[in-house]
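What follows is a short report on a single structure.
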Amino acid sequence: LLAKAGAAESVNAVQLELERRRQRTWQELQQVLAPFTGVEASAAANSTELYRHLSGPESIQVERKEQRNIQLEAVRHFGFMKLRHGQMETIATILRGESILAVMPTGAGKSLCYQLPALTLPQATLVISPLIALMKDQVESLPAAARAQATFINSTLNEDELARRMTGIANNEYKLIYAAPERLRQRAFLRALRSAGLNLFVVDEAHCVSLWGHDFRPDYLFIQEARNELGNPPALAMTATAPPAVRDEIVDYISTDGALTSALSKNEDTDAPPAASARPRVIALDIFRDNLHLSALRFHNDEEKLAALLKFVSETEGSGIIYVSSRA
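Numbering (my numbering), first residue to last: 711 to 1038.
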């Protein structure tokens, strides 16, 4: 009898655990599918329309005067006669002094979304990037006139060069400043930024702030604290990948409780109070591409996995890259 009772308790425990997991999975599924609720069949058949619905009902309108001014600045600083989709809306939002999350695929021109405002606004723009190796490339790829107004601060600089650039930052000699997130822990760097004043705080690879993702970086948790110390300038968060849960987390992260000073009002001689803070805007472009295909295969053992890989390689033309989890 005792054995039967113990077995019954074990069965009940298993059933309770399965039910708990079922409820959790159902809640997660509801959260993921929530943006698609109410999508019409005609829209669901088109990936572009489907992703536009996923991006939310928000639409950023840009007035004709704003478009003209932004286009003139694009020609003046970069020689661009036409902007890509999403750039105009993002830049206009920044120049209004609003914070924004821009979800754009690789190659969509995210860099211009902060480079153009940086050269237009009166004070500096800080770009936080986890990719130290790319900071120098970002600066050197700018047109000559813009390059003279940009700098980067990272561990590749010697003491003399670092001191020279820090002095330049404090004296507001740079419009565009690149730095790694860990640099925000250094008081000397924050003092130099406070002396210069910031019009825009850019967080590149913003998905690194998310506790949901594998790309989470602890240093990103200090970004908002540093931004508070710098007077809560408007923020631009950029990423090429952000599912709904991560997107909401980023938006919450760059939201502020204090007031945001309009970047445009800083150009005017007015005593008007700073604009009240608002929830950041969101612009999300279509990340689906016709030339990309994603799939997941399940294998019972390594032999099956290797056989499938060899079959794929032998049947696929052209070059490619194979990522592995460990070395042989």
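Heads up, the beta-carbon is just placed ideally off N, CA and C, and yes, glycines get one too.
Bear in mind the structure is a predicted one, so any value in this text is a computation, not a measurement.
In chain order, which beta strand (DSSP E) runs of at least 3 residues are fully inside the stretch 796-873?
810-813, 834-838, 860-863
How many Å lie between residue 727 and residue 902 at the Cα?
As a first step, residue 727 must be located in the sequence shown, where it is residue number 17. As a first step, residue 902 must be located in the sequence shown, where it is residue number 192. Approximately 55 Å, taken between the alpha carbons.
Secondary structure at residue 794, three-state DSSP: helix, strand or coil?
Working through the sequence shown from its first residue, we reach residue 794 at position 84. Coil at residue 794, not helix or strand.
Sequence-distant residues of the same chain with beta carbon closer than 8 Å to residue 853, five excluded per side:
In the sequence shown, residue 853 corresponds to position 143, counting from 1. These residues qualify, in order along the chain: 787, 788, 789.
Proximity of residue 812 and residue 780 at Cβ, strictly below 8 Å
As a first step, residue 812 must be located in the sequence shown, where it is residue number 102. As a first step, residue 780 must be located in the sequence shown, where it is residue number 70. For residue 812 and residue 780, no; Cβs fall outside 8 Å.
Would you call the CB atoms of residue 775 and residue 829 closer than 8 Å?
Along the sequence shown, one-based indexing puts residue 775 at 65. Along the sequence shown, one-based indexing puts residue 829 at 119. For residue 775 and residue 829, no; Cβs fall outside 8 Å.
Going along the chain, which unbroken runs of the alpha helix (DSSP H) with 4 or more residues stay wholly within the stretch 913-948?
933-939
Do residue 819 and residue 797 have their CB atoms nearer than 8 Å?
Residue mapping note: residue 819 aligns to position 109 of the sequence shown, counting from 1. Residue mapping note: residue 797 aligns to position 87 of the sequence shown, counting from 1. In this structure, residue 797 lies closer than 8 Å to residue 819 by Cβ.
Residue closest to residue 1007, alpha-carbon to alpha-carbon, out of 1001, 995, 1022, 993
Here residue 1007 is taken as the residue at index 297 of the sequence shown, counted from 1. Checked all of 1001, 995, 1022, 993; the closest Cα to residue 1007 is 1022.
Boundaries (first-last residue) of the alpha helix (DSSP H) holding residue 992
For the purposes of this step, residue 992 is taken as residue 282 along the sequence shown, with counting starting at 1. From DSSP, residue 992 is part of no alpha helix (DSSP H) but of the beta strand (DSSP E) over 991-994.
Member of 936, 1016, 1027, 867 whose CA lies at the smallest distance from the CA of residue 913
Mapped onto the sequence shown, residue 913 falls at position 203. Selected option, being the one with the closest Cα: 936.
Through-space distance from residue 1034 to residue 1001, alpha-carbon basis
Start at 1 with the first residue of the sequence shown, and residue 1001 comes out as number 291. Start at 1 with the first residue of the sequence shown, and residue 1034 comes out as number 324. Cα-Cα distance, rounded: 23 Å.
Which residue marks the beginning of the alpha helix (DSSP H) containing residue 1002, and which one marks its end?
Position 292 of the sequence shown, counting from 1, holds the residue named residue 1002. Segment: none, residue 1002 is in no alpha helix (DSSP H) and carries neither H nor E.
From what residue to what residue does the beta strand (DSSP E) around residue 889 run?
Here the question's residue 889 lines up with position 179 in the sequence shown. Counting along the chain, the beta strand (DSSP E) containing residue 889 begins and ends at 886-889.
Should residue 1030 be counted as a contact of the ligand FMN given a C-beta to heavy atom distance under 7 Å?
You won't find the ligand FMN in this model; it holds no ligand whatsoever.
Which residue marks the beginning of the alpha helix (DSSP H) containing residue 777, and which one marks its end?
Here residue 777 refers to the residue found at position 67 when the sequence shown is read from its first residue. Taken as a continuous stretch (DSSP letters only), the alpha helix (DSSP H) holding residue 777 covers 774-788.
Within this structure, are the beta carbons of residue 865 and residue 879 separated by less than 8 Å?
Here residue 865 refers to the residue found at position 155 when the sequence shown is read from its first residue. Here residue 879 refers to the residue found at position 169 when the sequence shown is read from its first residue. No, the pair does not count as a contact, with Cβ atoms beyond the cut-off.
Cβ shell of residue 958 (< 7 Å), same chain only, five flanking positions each side left out:
Translated into the one-based positions of the sequence shown, residue 958 becomes position 248. Taken in chain order, the list of residues that qualify is empty.
Per DSSP, what kind of secondary structure is residue 899 in: helix, strand or coil?
As a working mapping, residue 899 is identified with position 189 in the sequence shown. Residue 899: helix per DSSP, three-state reduction.
Determine whether the beta carbon atoms of residue 915 and residue 827 lie at a separation below 8 Å.
Mapped onto the sequence shown, residue 915 falls at position 205. Mapped onto the sequence shown, residue 827 falls at position 117. Taking 8 Å as the Cβ cut-off, residue 915 and residue 827 do not qualify as a contacting pair.
Please classify residue 1031: is it buried, with 16 or more other beta-carbons within 10 angstroms of its beta-carbon, or exposed?
As a working mapping, residue 1031 is identified with position 321 in the sequence shown. The residue in question, residue 1031, is exposed, as its Cβ has fewer than 16 Cβ neighbours within 10 Å.
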